[in-house]
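*Asks:* Numbering (the working numbering), first residue to last: 972 to 1317. Where a beta carbon is used, it is the ideal one built from N, C-alpha and C, also for glycine. Here it is: the structure, laid out below.
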């Protein structure tokens, strides 16, 4: 968990180590090395790049795409990890593709690895995390200001290392630091161990001297979780709510994309019953391009789009208050308890 300061004295990029000893940069979406422009012109440029990339690959069938990937795999550790996935990409590999071509670790940074990591749709995975972190941070400002003594608990469902939660804290620490002078905890509900273990180490690295979270009291807890059984989640939420905590929940690249309708409704209902006022997450795009990509890659994603997700949220007591787009990859939503709240789409 060391910092590396680039030449010229610019802000440090911190590193943390996975359980199998892989040293990875910790993504800080406020850092120039990782921040992705999200203005209308940049969104349009990424959309054009995405469509151009898709046109170049559209002639290939799913079977041909998989064959070419297998032929390239011997020259790419990253590609081999992707091909070894069984409908789901493990949390550490998902994290590595968010790093981008310039930040891959040794052994995962060969020419094929860099080409894979530079694909337009993989760049959007980091944007997805950045957008959710910003939705959380912006939604929390008023709540934190109204209750300066209440503890803050961020509940992350199927979030792996939970860097969307951590980055929400980084954004607040850089813009409204006094709001975080309280007990803060990140609760990761995830079936896997490796992602949360890296997330805990990443938090330690960010909390070290010169790190963006230095001086804050932030705890990290992993709860083994099957999202089809919400009892552990409901139990924790009941205790937090009874203690007057401020609670916000998120799921980036997790529940809303891979979960069944019933699982989504069950988890959102548990959050609603505990009075959780802020929920953010990513919803897989329903565009034809995205559907074709999913069919070729054989990931178990549900391409619901906003139109398919909104009824599930409403059944659970929530409404989509705001959404932001990662062009044809996913839509990031901010949910609020059902009320006459005008919707904003970005």
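Do you know offhand how far residue 1206's Cα is from residue 1005's?
*Replies:* Near 36 Å, if we compare the C-alpha coordinates of residue 1005 and residue 1206.
*Asks:* Given this structure, state the Cα-to-Cα distance separating residue 1051 from residue 1098, to the nearest angstrom.
*Replies:* Roughly 24 Å between the two C-alpha positions.
*Asks:* By how many angstroms is the C-alpha of residue 1284 removed from the C-alpha of residue 1236?
*Replies:* Roughly 7 Å separates the two Cα atoms.
*Asks:* Do you know how far the Cα of residue 997 is from the Cα of residue 1173?
*Replies:* Using only the alpha carbons, I get a separation of about 6 Å.
*Asks:* Here's the rule: buried if 16 or more other CB atoms are within 10 angstroms of the residue's CB, otherwise exposed. What is residue 1185?
*Replies:* Exposed.
*Asks:* Based on the DSSP output, what are the partners of residue 996 in its beta bridges?
*Replies:* Note: residue 996 sits in a beta bridge opposite 986.
*Asks:* Note the first and the last residue of the continuous alpha helix (DSSP H) segment covering residue 1306.
*Replies:* From DSSP, residue 1306 is part of no alpha helix (DSSP H) but of the beta strand (DSSP E) over 1301-1308.
*Asks:* Once DSSP output is grouped into helix, strand and coil, what is the label at residue 1126?
*Replies:* Strand, per DSSP.
*Asks:* Residue 1019 to residue 1210, Cα distance in whole Å?
*Replies:* Using only the alpha carbons, I get a separation of about 48 Å.
*Asks:* Just how far apart, CA to CA, sit residue 1042 and residue 1069?
*Replies:* With a pLDDT of 40 at residue 1042, under the threshold of 50, the modelled position of this residue cannot be trusted, and the question is left open.
*Asks:* Identify, in the order they occur along the chain, each residue of the same chain with its Cβ nearer than 7 Å to the Cβ of residue 1227, setting aside the five sequence neighbours on each side.
*Replies:* Answer for residue 1227: 1235, 1252, 1253, 1254, 1280, listed in chain order.
*Asks:* Determine the closest residue to residue 982 out of 1245, 1302, 1261, 1181, with distance taken between C-alpha atoms.
*Replies:* When only C-alpha atoms are compared, the closest one is 1181.
*Asks:* For the candidate residues 1269, 1308, 1274, 1117, whose alpha-carbon lies nearest to that of residue 1059?
*Replies:* The candidate whose alpha carbon is nearest that of residue 1059 is 1269.
*Asks:* Taking three-plus beta-carbon pairs below 8 Å as touching, is the segment 1105-1115 in contact with the segment 1080-1087?
*Replies:* Touching, no.
*Asks:* Taking Cβ to Cβ, would you say residue 1194 is nearer than 9 Å to residue 1170?
*Replies:* No, the Cβ-Cβ distance between residue 1194 and residue 1170 is not below 9 Å.
*Asks:* Helix, strand or coil for residue 1267, going by three-state DSSP, please let me know.
*Replies:* Helix.
*Asks:* Tell me residue 1104's beta-bridge partners as DSSP assigns them.
*Replies:* Paired residue(s): none; residue 1104 is not in a bridge.
*Asks:* Starting from residue 1083, follow the alpha helix (DSSP H) in both directions and report where the run begins and ends.
*Replies:* From DSSP, the alpha helix (DSSP H) with residue 1083 extends over 1082-1088.
*Asks:* Can you check the segment 1202-1266 for any alpha helix (DSSP H) of at least 4 residues that lies completely inside it and give the ranges in chain order?
*Replies:* Counting whole runs of 4 or more residues, the segment 1202-1266 contains the alpha helix (DSSP H) stretches 1202-1213, 1226-1229, 1232-1244.
*Asks:* Alpha carbon to alpha carbon, how far is residue 1272 from residue 1035? Give it in angstroms, no decimals.
*Replies:* With a pLDDT of only 41 at residue 1035, under 50, the local geometry of the prediction cannot be trusted, and the value read off the model is given with reservation. Distance between the alpha carbons of residue 1035 and residue 1272 is about 21 Å.
*Asks:* Would you mind working out which of 985, 994, 990, 1012 sits nearest residue 1000, comparing C-alpha positions?
*Replies:* When only C-alpha atoms are compared, the closest one is 985.
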